[in-house]
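*Asks:* Each number in this note's numbering corresponds to the 1-based position in the sequence shown with 816 added.
Just so you know, even glycine gets a beta-carbon here, dropped at the ideal spot from N, CA and C.
Given the structure is predicted, the values throughout are model-derived calculations rather than measurements.
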Amino acid sequence: MNHIIRHSGVVESIEDGCVHIRITQTSACAACKVAGYCNAAESKEKIIDVYCDDVAAYSIGQAVVVTTTGQVAARALLWGFGFPFLLLVVVLFLTWLLTAHEGWAALCALASLIPYYMVLWLMRDKMSQQLAFSIE
Numbered sequence: 817m818n819h820i821i822r823h824s825g826v827v828e829s830i831e832d833g834c835v836h837i838r839i840t841q842t843s844a845c846a847a848c849k850v851a852g853y854c855n856a857a858e859s860k861e862k863i864i865d866v867y868c869d870d871v872a873a874y875s876i877g878q879a880v881v882v883t884t885t886g887q888v889a890a891r892a893l894l895w896g897f898g899f900p901f902l903l904l905v906v907v908l909f910l911t912w913l914l915t916a917h918e919g920w921a922a923l924c925a926l927a928s929l930i931p932y933y934m935v936l937w938l939m940r941d942k943m944s945q946q947l948a949f950s951i952e
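Listed below in C-alpha cells is the structure:
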C-alpha cells in the first residue's frame, strides 16, 4: 500500500495557503480496485484542495500532478466506509439482541450513523491534514 496515486490536473484557483486543482477522471480509475466505491469515480471532474506553503509557485491554469499514497487512500476508505459499516452492524445486532425487535434494531443502527458523521464533520480540519494531497 505504499504506492503513489497520481492525477493530472489544472490549477483552478488559489487562496490563502490552498491551491484548488481540477482533476479529470482517467481510465486508470477503471483499473482501480476501489473505483466502484470512490466518489472520484462517479464524476468526470473533481476539485481537490491541496494545502501548501508555497502557493506563489503556482498560477491559475497551470498543469500540475496531484499525488497521495495508497496508505492515505486506504485510511480514507476505512473512515468513510469501514468504520460506519462496522458501527451499523454492531448496533444492529446489539439492539436486536436486547430488544428482539427488528424495526427498533434497524432504526437504532441507522441513527447511530448520525453522531458518527457529525463527529467526522467536526474533525474535518484534522482529517484533511491526515488525508492530504500534495503537488508533485
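Applying the criterion that 16 or more other CB atoms from any shown protein chain within 10 Å of the CB defines a buried residue, is I863 buried or exposed?
*Replies:* exposed
*Asks:* May I ask you to report which of helix, strand or coil DSSP gives G877?
*Replies:* coil
*Asks:* Once the 5 residues before and after Q878 are set aside, which same chain residues still bring their CB inside 8 Å of it?
*Replies:* If we look at Q878 and ignore the five residues flanking it on each side, its Cβ neighbours are V826 and V827.
*Asks:* Residues in its own chain within less than 6 Å of V907 by CB, not counting five upstream and five downstream?
*Replies:* C924, A925 and S928
*Asks:* Nearest CA to the CA of V866: which residue from I820, L938 and G833?
*Replies:* With distances taken between Cα atoms, V866 lies closest to G833.
*Asks:* Tell me the residue span of the alpha helix (DSSP H) that contains K942.
*Replies:* R940 to Q946
*Asks:* Buried or exposed: where does I876 fall if 16 or more other Cβ atoms within 10 Å of its Cβ makes it buried?
*Replies:* Under a 10 Å Cβ-count criterion, I876 is classified as exposed, with fewer than 16 other Cβ atoms of the shown protein chains found around its own Cβ.
*Asks:* Tell me whether the beta-carbon of I830 lies closer than 9 Å to the beta-carbon of H823.
*Replies:* no
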